[in-house]
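**Q** In the working numbering, the protein residues as written are 40 to 186.
Glycine included, C-beta positions come from ideal geometry on N, C-alpha and C.
If you're wondering where the values come from, they're calculated on a predicted model, not measured in any experiment.
For reference, the structure I am asking about is given below.
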Amino acid sequence: MCHALAANITVQAAVAVLRFILTHAAKYDVEPTDLVKELLQLGMHLAAAEAIALSYEHLRPRIQDQLRAQRFRFPGIEKVKWNVEADSRVSMHLMLDRPVMECNVATTPAAASSELNFDMSKAKFLALYEELRQAQSMLRSVQPSAC
40 MCHALAANIT VQAAVAVLRF ILTHAAKYDV EPTDLVKELL QLGMHLAAAE
90 AIALSYEHLR PRIQDQLRAQ RFRFPGIEKV KWNVEADSRV SMHLMLDRPV
140 MECNVATTPA AASSELNFDM SKAKFLALYE ELRQAQSMLR SVQPSAC
């Protein structure tokens, strides 16, 4: 029984790794020949790497469509423009396909708190979390310019 459980865990791990590799290959639009080279570097046999790359080549558009569907989007925003200025100020300009409403909220310690509820699917939340994590990583990698 322990042997069967270990084999099942090994299979699940292999599937998870393969899913990760194929998802990221599709995300960055990796060519099948480059995928074969990467799989060979990971120690996979040539025949298995070529078979996976062939399947990837046929399924790449479908995987990319799934990735697009999982991406977190703001409805109504046509274009986002970011500016980062030297005085540590960040401004964001949104071009919307509808009229803009501006809301200013000032909070004070004496103000009564209010509750905000919203619903989000697990897939959308995970997509948002991943994109925020990547954005945070990119911001951390930016070196502040010496003035």
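Between the Cα of Val69 and those of Ala166, Gln173, Glu170 and Ile102, spot the shortest distance and give me the residue it belongs to.
**A** Ile102
**Q** Just confirm the distance between the C-beta atoms of Gln109 and Ala162, as a whole number of angstroms; I'd bet it's less than 8 angstroms.
**A** 5 angstroms
**Q** When the distance is taken between beta carbons, is Ala88 closer than 8 angstroms to Leu79?
**A** yes
**Q** Work out the CA separation of Ser180 and Ser160 for me, nearest whole Å.
**A** 30 angstroms
**Q** What three-state label does DSSP hand Ser160 in the structure shown?
**A** Coil at Ser160, not helix or strand.
**Q** Output the distance between the C-alpha atoms of Ala52 and Leu61, rounded to the nearest integer angstrom.
**A** The alpha-carbon atoms of Ala52 and Leu61 are separated by roughly 14 angstroms.
**Q** Taking only the alpha-carbon atoms, compute the straight-line gap between Val54 and Leu178 and give it to the nearest angstrom.
**A** 32 angstroms
**Q** Could you please give the first and the last residue of the uninterrupted alpha helix (DSSP H) stretch that includes Arg101?
**A** Leu85 to Gln109
**Q** I'd like the span of the alpha helix (DSSP H) that includes Asp197, first residue to last.
**A** There is no way to answer for residue 197, as the model of the chain reaches only from 40 to 186.
**Q** My output table needs one value for Tyr168: the three-state DSSP class, helix, strand or coil.
**A** Residue state, collapsed to three classes: helix.
**Q** Since Leu74 and Tyr95 are thought to touch, with beta carbons under 8 angstroms apart, how far apart are those beta carbons, to the nearest angstrom?
**A** 6 angstroms
**Q** Using beta-carbon positions only, say whether Ala92 and Pro71 come within less than 8 angstroms of one another.
**A** yes
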